[in-house]
Structures are given as C-alpha cells and as structure tokens.
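Residue numbers (the working numbering): 22 to 139.
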C-alpha cells in the first residue's frame with residue numbers, strides 16, 4: 022500500500038488549505054482514517070479522524086475550522102482547513118489503517134508541511 026499526500030504549503034493567517042491523501046495498492050477495507058500533525062519540539066497529535074461510515078472527531082483546537090472527509094471509492098481522505106492560525110503550523114500526516122481479515126496494518130503518508138505565517 023502506498024499513500025500519496027498533497028496540498029500543504031505556505032498560507033497567511035486566516036487562509037485555507039486542503040490536504041488530500043490517496044491510498045493505492047491491495048486494500049481490502051479501511052478502518053477509520055485520520056490526519057495527525059507534529060510541530061517542531063512537540064509530540065504528534067491527532068487532528069481529526071473519520072470512520073468508514075462518516076463519523077468524525079476533531080481535536081478541540083480545530084473544531085469549527087477544519088473538516089475531514091473521505092471518498093471510500095477512491096480510498097482517499099481529505100482535510101479542509103479554514104481560518105488557519107500560526108499555531109496550525111506543523112507537518113501533517115495521514116493515516117490509513119488497512120484491514121485484512123483479523124489484522125490491521127497502519128500506513129502513514131510521507132508528511133506534508135503546512136506553514137501559517139504573514
């Protein structure tokens with residue numbers, strides 16, 4: 022399984038970005054997909070997750086600003102980020118847990134840099 026993440030970049034405070042992460046390869050089924058981020062000197066944190074049925078969860082700091090979605094037919098997860106703040110600056114990683122029978126393997130994207138600065 023390979024993951025291809027895209028959409029990061031430099032944006033001014035208040036701006037928007039949309040991240041996408043597409044999984045390809047042998048993928049029988051996928052559990053909850055998610056986006057995580059890691060800022061310099063900080064631990065990686067969960068930003069948002071979405072189940073195969075579309076239920077979502079967000080870290081408090083992004084609620085009302087970020088929206089996670091997925092396209093099951095394309096094995097792709099998205100993160101729409103609005104009203105970006107400097108504290109959102111981090112490397113963002115997508116996570117795709119692929120289930121094969123009774124086992125699940127977590128796959129991670131390569132990370133995409135998001136920088137919010139004026």
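In this text, a Cβ means the ideal position worked out from N, Cα and C, and glycines have one as well. Predicted model, so just to flag it, every value in this text is computed and none were measured.
For residue 90, I'd like the list of residues in its chain whose CB is within less than 6 Å of its CB, leaving aside the five on either flank, ordered along the chain.
For the purposes of this step, residue 90 is taken as residue 69 along the chain shown, with counting starting at 1. Excluding its 5 nearest sequence neighbours in each direction, residue 90 has C-beta neighbours in its own chain below 6 Å: 99, listed in chain order.
So the beta strand (DSSP E) residue 112 belongs to, where does it begin and stop?
Position 91 of the chain shown, counted from the start, is the residue given in the question as residue 112. Run containing residue 112: 111-121, per the beta strand (DSSP E) assignment.
Do the segment 30-42 and the segment 66-83 touch if we need at least three Cβ pairs shorter than 8 Å?
No contact exists between the segment 30-42 and the segment 66-83.
Quick one: is residue 81 buried, meaning 16 or more other Cβ sit within 10 Å of its Cβ, or exposed?
If you number the chain shown from 1, residue 81 lands on position 60. By the neighbour-count criterion, in which 16 or more other beta carbons inside 10 Å mark a residue as buried, residue 81 falls on the exposed side.
How many Å lie between residue 139 and residue 37 at the Cα?
The residue you call residue 139 lines up with position 118 of the chain shown. The residue you call residue 37 lines up with position 16 of the chain shown. The straight-line gap from Cα to Cα measures roughly 13 Å.
Taking the DSSP output, what are the residues bridged to residue 31?
By 1-based counting over the chain shown, the position of residue 31 is 10. DSSP, once it has assigned bridges, lists 136 as partnering residue 31.
Under three-state DSSP, which class holds residue 80?
The residue given as residue 80 occupies position 59 in the chain shown. Coil at residue 80, not helix or strand.
Mind checking which residues open and close the beta strand (DSSP E) that includes residue 66?
For this step, residue 66 is matched to residue 45 along the chain shown. Its beta strand (DSSP E) spans residues 66-71.
Under the DSSP definition of a beta bridge, which residues are partnered with residue 98?
Locating residue 98 in the chain shown gives position 77, counting from the first residue. The bridge partners DSSP lists for residue 98 are 42, 91.
Please state if the CB of residue 29 and the CB of residue 148 are separated by a distance shorter than 8 Å.
The structure shown does not extend to residue 148, since the chain is modelled only from 22 to 139, so the question has no answer here.
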